[in-house]
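Just so we're aligned: the sequence shown equals residues 275 to 376 in the working numbering.
Just so it is clear, CB atoms sit at the ideal spot from N, CA and C, and this is done for glycine as well.
Since the model is a prediction, treat every value here as computed from it, not as a measurement.
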Amino acid sequence: MSFFEYHVFVCTNVRQDGSSCCASLGAKKARTYLKERCKELGIHGSGRVRINNAGCLDRCAQGPVLVIYPEETWYTYVDNDDLDEIITRHLQQGQVVERLKI
Ligand code: FES
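This is the structure in structure tokens:
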């Protein structure tokens with residue numbers, strides 16, 4: 275059995291050369307939002323959901339990106355409404371959010 279039911283890796287990579295990266299598209303705020311919402315909902319922690327920063331995941335052109343294990347489901351997002359949908363449907367209900375999948 276896995277230590278976490280879902281492990282979410284949020285790319286928060288910063289590119290120093292000024293080219294597009296997940297950090298320039300709001301990824302750090304998104305990661306904080308995901309973590310805080312999961313805590314508020316009581317689903318953050320061992321046995322449930324872990325939210326982690328990640329370096330570049332090599333899908334920059336589709337960014338900002340995050341990936342959820344164990345299924346290895348990749349998502350992009352625009353705003354907190356998208357993140358709320360990922361939390362509710364994927365992390366709480368176990369469903370893939372097809373419209374955000376990449
Ligand atoms: S900077 Fe996020 S995937 Fe490369």
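Exercise. Mark Ala335 as exposed unless 16 or more other C-beta atoms lie within 10 angstroms of its C-beta, in which case mark it buried.
Key: exposed
Self-check item: Integer Cβ distance of Lys375 from Tyr349, believed to fall under 8 angstroms
Solution: 6 angstroms
Quiz prompt | Proximity winner among Gly368, Thr286, Arg373, relative to Ile325 (alpha-carbon distances) | solution = Thr286
Exercise. Return helix, strand or coil for Tyr307, following the three-state DSSP convention.
Key: helix
Self-check item: Reduced DSSP category for Leu331 - H, G, I as helix; E, B as strand; rest coil
Solution: Note: Leu331 maps to coil in three-state DSSP.
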